[in-house]
Ligand code: GAP
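Numbering (this note's numbering), first residue to last: 1069 to 1525.
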């Protein structure tokens, strides 16, 4: 089921996944803080991504470049000149709005529209701001966060918080060639923060100002981009379904029209997802041609070409870029996992996470908290298991029913209970525990010696 955004936001706050950024000061729009379970879920997604796209391959090199970069990087990449969204201003309140969003909200599809066209449609239809006031001309708003490095605030000290992690990879292209001498095709991968001064952050962690991206710049021979593009297109879906357990029916791949592509892209396919607020972009895939390496070569005067030992030719490689927004992946995983049902006549909310992404793999508890012999045995089982599976949790708060509800709500696949049978009250059950399955509520007795394998497999 796809639930409402309100249900997801409320569960995330209640159970320590995600909090509003700077909450005690009234918040800061477009920023969110991750709590213990949010961090665990995010790291699981990131690790699955890193495993599939970096560790399990020989030809993708991991990097972690600085967020602050020389301003010339962003001039060469075209971001200083063209990384902008269409903006219109309420002429009375001076509040600013995304022109394309206003059009969409008024039933006009803004895809493929130029700035002039949006302006014309707003005027033609007499559209007003959400407060009912007249709107100014549509113009471009650059989304990069600008700052200064060092104590002097002049043009030379201008720097930007990177708007995409990609830039840090293109400028390290030569370093990777010189250190590792890779043969084409090869790629670079990076996970990290990016910053965009979104005019209208919205939909929880979907559109934020401080985001995390997981990106690959994959370099290929100039006429060889298509098969690599198609392979990544397929693998993006495999990552979503096989690694994260998303419902294939909620995933849609959409070719992007030329007018709507980023300035560097000659061909783009977005992977969209059925979020609670509708079908929206989850991932991107772009054929960036030789645009970036050539632009940086021209601007830096450092040669970023490649010498092919076999053909004895020198050329600038072309680039295919699969890009993944980590926050949007979290939102997709949370909204697909959210379930409501009834168990033992009681309504329950639970997160049906795939075991691989679940932030807690199993919770261990004594049947009763006030029986020292049960608590001691449960502690022993918990400590041994935690050494083998670190994402295991201890819980002895409230009665057993409450503990089950609590673990269900954070998506823990298994609850392990140590009871009197574990201590040998029924000799045949000595040194066994009960394991309860989150989805079915069914319980099974399992020997302590087999616990780890049972949970993992
Ligand atoms: N390097 C290419 C690039 O940055 P993009 O389509 O602008 O392409 C890539 O962004 C991905 O980053 C998107 O598919 C989305 O998952 C995520 N993303 C972009 N802007 C975002 C925002 N304001 N908030 C959250 N995620 C965002």
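C-beta: ideal position from N, C-alpha, C; glycine also.
Query raised in the report: What's the gap between the Cα of residue 1147 and the Cα of residue 1368?
Result: 16 Å
Query raised in the report: Can you give the beta carbon distance from residue 1255 to residue 1233, rounded, assuming they're within the 8 Å contact cut?
Result: In fact, because the Cβ distance is near 13 Å, the residues do not count as touching under 8 Å.
Query raised in the report: Roughly how many whole angstroms lie between the Cα atoms of residue 1132 and residue 1236?
Result: 8 Å
**Report entry** the stretch 1072 to 1087 in contact with the stretch 1266 to 1286 per 3-pair CB rule at 8 Å
**Finding:** yes
Query raised in the report: Grouping DSSP H, G and I as helix and E and B as strand, with all else coil, what is residue 1433?
Result: strand
Report task. Tell me residue 1461's beta-bridge partners as DSSP assigns them. Result -> 1431
Query raised in the report: Starting from residue 1440 and walking both ways along the alpha helix (DSSP H), at which residues does that stretch end?
Result: 1440 to 1456
Requested in this report: Confirm the yes/no value for this check: CB of residue 1473, any heavy atom of ligand 1, distance under 7 Å.
Outcome: no
Query raised in the report: Hey, out of 1075, 1138 and 1105, whose CA is closest to residue 1364's CA?
Result: 1138
Report task. Would you identify the three-state DSSP class for residue 1088, choosing helix, strand or coil? Result -> strand
Query raised in the report: Any beta-carbon of chain B closer than 8 Å to the one on residue 1113?
Result: No chain B is present in this structure, which holds just one protein chain.
Query - residue 1211 vs residue 1264 beta-carbon contact at 8 Å - result: yes
Query raised in the report: Which one of 1285, 1377 and 1213 has the shortest CA to CA distance from residue 1240?
Result: 1285
Requested in this report: Using a threshold of 8 Å, state whether the C-beta atoms of residue 1170 and residue 1161 are closer than that.
Outcome: no
Query raised in the report: Starting from residue 1472 and walking both ways along the alpha helix (DSSP H), at which residues does that stretch end?
Result: 1468 to 1477
**Report entry** alpha helix (DSSP H) segment containing residue 1331, residue limits
**Finding:** From DSSP, residue 1331 is part of no alpha helix (DSSP H); its letter is neither H nor E.
Report task. Determine the DSSP secondary structure at residue 1367, reduced to helix, strand or coil. Result -> helix
Requested in this report: Verify whether the separation of the beta carbon atoms of residue 1098 and residue 1269 is less than 8 Å.
Outcome: yes
Query raised in the report: For the alpha helix (DSSP H) that contains residue 1484, what are its first and last residues?
Result: Looking at the DSSP string, residue 1484 is not in any alpha helix (DSSP H); the run it does join, the beta strand (DSSP E), is 1482 to 1486.
Query raised in the report: For residue 1153, which residues from the same chain have a beta carbon less than 7 Å from its beta carbon, with the 5 sequence-adjacent residues on both sides left out?
Result: 1166, 1209, 1211 and 1267
Query raised in the report: Does the stretch 1318 to 1332 come close enough to the stretch 1419 to 1436 that 3 or more CB-CB pairs lie under 8 Å?
Result: no
Report task. Return the Cβ separation of residue 1411 and residue 1420 in integer angstroms, given the expectation that the two are a contact with Cβ distance under 8 Å. Result -> Between residue 1420 and residue 1411 the Cβ distance is about 13 Å, and since that is not below 8 Å, they are no contact.
Query - Sufficient close CB pairs (3 or more, under 8 Å) joining the stretch 1378 to 1391 to the stretch 1346 to 1359 - result: yes
Query raised in the report: Should the stretch 1497 to 1510 be regarded as contacting the stretch 1472 to 1487, the criterion being three or more beta carbon pairs within less than 8 Å?
Result: yes
Requested in this report: Taking only the alpha-carbon atoms, compute the straight-line gap between residue 1413 and residue 1435 and give it to the nearest angstrom.
Outcome: 22 Å
Query raised in the report: What is the DSSP secondary structure of residue 1296, reduced to helix, strand or coil?
Result: helix
Query raised in the report: Based on the DSSP secondary-structure assignment, which residues constitute the bridge partners of residue 1138?
Result: 1227
Requested in this report: Quickly, what does DSSP pair residue 1411 with across the bridge? List them, please.
Outcome: 1414
Query raised in the report: Buried or exposed: residue 1370, going by 16 or more other Cβ atoms within 10 Å of its Cβ?
Result: exposed
Query - Assigned secondary structure, residue 1392 (DSSP; H/G/I helix, E/B strand, else coil) - result: strand
Requested in this report: Determine the direct distance from the alpha carbon of residue 1431 to that of residue 1447, and round the result to whole angstroms.
Outcome: 12 Å
Query raised in the report: Would you say residue 1281 touches ligand 1, meaning its beta carbon is less than 7 Å from a heavy atom?
Result: yes
Query raised in the report: Taking Cβ positions, are residue 1472 and residue 1460 nearer each other than 8 Å?
Result: no
Query raised in the report: Helix, strand or coil: how does DSSP classify residue 1126 here?
Result: coil
Query raised in the report: Across which residues does DSSP place residue 1263 in a beta bridge pair?
Result: 1278
Report task. Have a look at residue 1517 and residue 1452 and give me their C-alpha separation to the nearest angstrom. Result -> 10 Å
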